[in-house]
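Residues in the sequence shown are numbered from 45 upward in steps of one, following the working numbering. Every residue gets a Cβ at the ideal spot worked out from N, C-alpha and C, and that includes glycine. Model, not experiment: these values are computed from the prediction. Below: the structure, in C-alpha cells.
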Amino acid sequence: METVRKIFEDIIVKDTLRVEAYHGVVMSNSESGEPFDGVLKRIEAVMEKDFTLLVAQVSVTEEKYGETIKLYEELVKEEPRDFRPYLCQGIIYTLLKKKMRLRKSLIILGSLFQRIILIENISLMTYLQPSFSRRWREEKLDRAAKSL
C-alpha cells in the first residue's frame with residue numbers, strides 16, 4: 045500500500061488539483077490508520093486557490109483585464125502546473141488581441157493537458173483493474189510514475 049500511496053503523493057506534487065490523488069491518499073490513511081490532518085490542510089490550500097480564480101473571473105466581467113492578468117500570474121507562480129490560469133489568460137489575451145501572449149499560454153496549456161491525460165490513465169488503472177494482481181498493478185504504476 046505504501047507504493048500506491050507514494051504514487052498518489054507524486055501525482056499531487058505534479059498536479060495539486062488532482063482530486064483522485066487526494067482520494068487515494070485519504071484511502072491510504074484510512075487503511076493504515078494514519079491521521080488525516082496533513083492531507084486535509086493540503087486540500088484546504090488548494091480550495092483557497094479556487095476562490096482567487098473566482099475573484100479573477102469577477103474582474104473579467106468588470107473588464108479589469110490588467111488586474112485579472114496579475115491575479116492569474118500570481119496563481120501561475122504558486123502552482124505552475126495548474127492549467128486553469130493559463131486557459132483564462134488565453135481567453136483574456138484573445139479579447140485583447142495579444143496573439144504572442146496567447147500563443148505562449150496555449151503552448152503551456154497543451155503540455156499540461158498531456159500530463160493530465162497520463163495521470164488520468166494512472167488513476168483509472170489503480171481503481172478500475174482490481175482483477176490484476178497487486179504486484180502487477182504496482183509495477184505498472186511505478187513505470188508510469190517514472191515516465192512523468
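- Inter-residue CB distance, Leu97 and Leu119 (contact presumed, cutoff 8 angstroms): Here residue 97 refers to the residue found at position 53 of the sequence shown. Here residue 119 refers to the residue found at position 75 of the sequence shown. 7 angstroms between Cβ atoms; contact.
- Message: Going by DSSP in three states, Phe176 sits in which element: helix, strand or coil?
- Response: Residue numbering aside, residue 176 sits at position 132 when the sequence shown is read from its first letter. Unreliable placement is indicated for Phe176, whose pLDDT of 48 sits below 50; no coordinate value is reported for it.
- Query: Hey, would you say Leu146 sits closer than 9 angstroms to Gly134, going by beta carbons?
  - Reply: Position 102 of the sequence shown, counting from 1, holds the residue named residue 146. Position 90 of the sequence shown, counting from 1, holds the residue named residue 134. Going by C-beta atoms, Leu146 is nearer than 9 angstroms to Gly134.
- How is Phe80 classed by DSSP in three states: helix, strand or coil? For the purposes of this step, residue 80 is identified with residue 36 of the sequence shown, where counting begins at 1. Coil, per DSSP.
- Item | Contact under 9 angstroms by Cβ, Arg78 with Ala65 | Along the sequence shown, read from residue 1 onward, the residue named residue 78 stands at position 34. Along the sequence shown, read from residue 1 onward, the residue named residue 65 stands at position 21. Note that residue 78 is Glu in the sequence shown, not Arg. Result no, Cβ atoms of Glu78 and Ala65 do not sit closer than 9 angstroms.
- What did DSSP end up calling Thr60 once you bin it into helix, strand or coil? Residue mapping note: residue 60 aligns to position 16 of the sequence shown, counting from 1. In this structure, Thr60 counts as coil in the three-state DSSP scheme.
- Query: Can you tell me the Cα-Cα spacing of Arg187 and Ile55, whole angstroms?
  - Reply: Along the sequence shown, one-based indexing puts residue 187 at 143. Along the sequence shown, one-based indexing puts residue 55 at 11. Approximately 13 angstroms between the Cα atoms of the pair.
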